[in-house]
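In this text, residue positions in the sequence shown follow the working numbering: the first is 12, and each later residue adds one.
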Amino acid sequence: MLYGLVLAGGESRRMGTPKSLISYHGMPQYRHAATLLGAYCSKI
12 MLYGLVLAGG ESRRMGTPKS LISYHGMPQY RHAATLLGAY CSKI
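What follows is the structure in structure tokens.
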């Protein structure tokens with residue numbers, strides 16, 4: 012069984028908004044990363 016972990020955190024003071032919430036391919040970046048990991052990992 013292979014597990015995946017998406018690390019998303021930090022203040023992003025210069026950007027003013029968390030980088031993990033920026034839209035990428037129509038979804039927040041953390042969700043996009045989790046979707047990609049889902050193809051290879053049984054648990055994320």
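We put the beta carbon where it would ideally sit given N, CA and C, even for glycine.
Just so you know, these numbers come straight off a predicted model, no measurement behind them.
Cβ pair residue i, residue j closer than 7 angstroms
i: I55; j: G21; result: no
i: V17; j: A50; result: no
i: S34; j: Y41; result: no
Residue i versus residue j: straight-line alpha-carbon distance, rounded
i: G36; j: T46; result: It should be pointed out that residue 36 corresponds to His in this sequence rather than to Gly. If you take the alpha carbons of H36 and T46, they lie about 11 angstroms apart.
i: R24; j: C52; result: 32 angstroms
i: L48; j: M26; result: 26 angstroms
i: A19; j: P39; result: 11 angstroms
Assigned secondary structure, residue i (DSSP; H/G/I helix, E/B strand, else coil)
i: S34; result: strand
i: Y41; result: helix
Identity of the residues DSSP links to residue i by a beta bridge
i: Y14; result: K54
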